[in-house]
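*Asks:* My numbering runs 1443 ahead of the 1-based position in the sequence shown.
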Amino acid sequence: MQAILSASAGCEQILIELLVNNGKIPTLIEELITAAIWKQKIFPILCKLEDFKPKSTFPLYLVLRHEASIINFLETVFFHKEICESAEDTILDLIDYTHRKLTLLAAQSANGKIPFEQKFQLGDLKQAEMMEFEISLRALSVFRFITDVIENLPVSAVTRVLNTHNFPCLLVQLLEHCPWTNHEGGKLKKFENGSWYEVAPEDRMKMTKLDGQVWLALYNLLLSPECQRKYEFNNFNKGQLLKVQDCKTGRPFMCTSCFR
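1. Tell me, please, whether the region 1541 to 1553 touches the region 1502 to 1509 by the rule of three or more beta-carbon pairs shorter than 8 Å.
2. Enumerated in chain order, which unbroken segments of the beta strand (DSSP E) with a length of 3 residues or greater are wholly contained in the region 1638 to 1673?
3. In this structure, does DSSP put T1590 in helix, strand or coil?
4. Give me the Cα-Cα distance between H1608 and K1498, rounded to the nearest whole angstrom.
5. Within the same chain, show all residues whose beta-carbon is closer than 6 Å to that of K1632, passing over the 5 residues directly before and after it, in chain order.
6. How is A1571 classed by DSSP in three states: helix, strand or coil?
7. For the alpha helix (DSSP H) that H1608 lies in, which residues bound it at each end?
8. Note down, in chain order, each residue of its chain lying with its Cβ closer than 6 Å to the Cβ of R1587, except the 5 sequence neighbours on either side.
9. Express the C-alpha separation of M1574 and F1634 in angstroms, rounding to a whole number.
10. Secondary structure at N1554, three-state DSSP: helix, strand or coil?
11. In this structure, does DSSP put K1630 in helix, strand or coil?
12. Less than 8 Å between the CB atoms is what I'm expecting for L1596 and I1534, so what's the real figure, rounded?
13. For K1467, which residues in the same chain have their Cβ closer than 8 Å to its Cβ, ignoring the five residues on either side in sequence?
14. Would S1599 be called buried (16 or more neighbouring beta carbons within 10 Å of its own) or exposed?
15. Around the C-beta of Q1616, are 16 or more other C-beta atoms found within 10 angstroms, so that it is buried, or is it exposed?
16. Given that a residue counts as buried once 16 or more other Cβ atoms are within 10 Å of its Cβ, and exposed if not, what is T1541?
17. Is E1474 helix, strand or coil by DSSP?
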């Protein structure tokens, strides 16, 4: 927690050096994935046990919150190029992790299952859903920072991003469904800085930080010479990418030479 506060306050240089010199980023990524697997695979089994009747749900909440704390910290420090490069081979695991989170986010948005409630009781199922939603949005930010240094990553990481997971098409789906935007009762609400807020009519066309993260990630992936050489611009991918022309969040920036 102190590391998050220091980085958020702009006093992160010493912290960055400590993380890089002591090889802590791979450890954090492994801890993140371990927490996510425990929550997905082990915790549901515990809940089904007949003798599993904890007197307090607060310790469980702390365990479930562990994943959110780590991804929050990574989002804060991955802005620095040296942090991303120090991940070494675990960058592949982090790419897989962000892909799972963003795929789930896109699917939930397409099915209308994004949590919009903001007031919950501790242990409420809706609270867990909101926590997962926020984790996915932070994973989006972490992935954008990865794309900032995509040309400095190993070839296997570039291949994983472009061809194995086809992140460009996934990002287009996020732009198409905008999980952080909700239309209800003629009102437009957007999610930013951990909460939903109603957007004034004159601000409806303004781009949010989350919109910007997706556009920047697409920009990095599609206009990078290295990525243009490796990405397969087949008919399906072209058709998906051209959907950005219908997005109202901003002017399309696509380089038309990519689609010739």
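Just so it is clear, CB atoms sit at the ideal spot from N, CA and C, and this is done for glycine as well. These numbers come from a predicted model, not from an experiment.
*Replies:* Result, derived from the coordinates:
1. no
2. 1638 to 1641
3. Taking the first residue of the sequence shown as 1, we reach residue 1590 at position 147. The answer is helix: DSSP assigns T1590 an H, G or I state.
4. Here residue 1608 corresponds to residue number 165 of the sequence shown, with the count starting at 1. Here residue 1498 corresponds to residue number 55 of the sequence shown, with the count starting at 1. Near 42 Å, if we compare the C-alpha coordinates of K1498 and H1608.
5. Reading the sequence shown from its first residue, position 189 is the one you call residue 1632. So the qualifying residues of the chain are N1625, W1639 and E1641.
6. As a position in the sequence shown, residue 1571 is number 128, starting the count at 1. Here A1571 sits in helix by DSSP.
7. Reading the sequence shown from its first residue, position 165 is the one you call residue 1608. Note, H1608: premise wrong, no alpha helix (DSSP H); not H, not E.
8. One-based indexing of the sequence shown puts residue 1587 at position 144. Cβ within range, chain order: Q1656, L1659 and A1660.
9. On the sequence shown, residue 1634 is found 191 positions in, with the first residue counted as 1. On the sequence shown, residue 1574 is found 131 positions in, with the first residue counted as 1. Near 13 Å, if we compare the C-alpha coordinates of M1574 and F1634.
10. Taking the first residue of the sequence shown as 1, we reach residue 1554 at position 111. Coil.
11. In the sequence shown, residue 1630 corresponds to position 187, counting from 1. In the structure shown, K1630 sits in a strand (DSSP, three-state: E or B).
12. Within the sequence shown, residue 1596 is the residue found at index 153, counting from 1. Within the sequence shown, residue 1534 is the residue found at index 91, counting from 1. About 6 Å separates the two Cβ atoms, so the contact holds.
13. As a position in the sequence shown, residue 1467 is number 24, starting the count at 1. Cβ neighbours of K1467 beyond the five flanking positions: L1461.
14. Mapped onto the sequence shown, residue 1599 falls at position 156. Exposed, because fewer than 16 other Cβ atoms sit within 10 Å of the Cβ of S1599.
15. Counted from its first residue, the sequence shown places residue 1616 at position 173. Flag for Q1616 reads buried.
16. Taking the sequence shown and counting its residues from 1, the one referred to as residue 1541 is at position 98. T1541 comes out buried.
17. As a first step, residue 1474 is located in the sequence shown; it is residue number 31 there, counting from the start. Helix.
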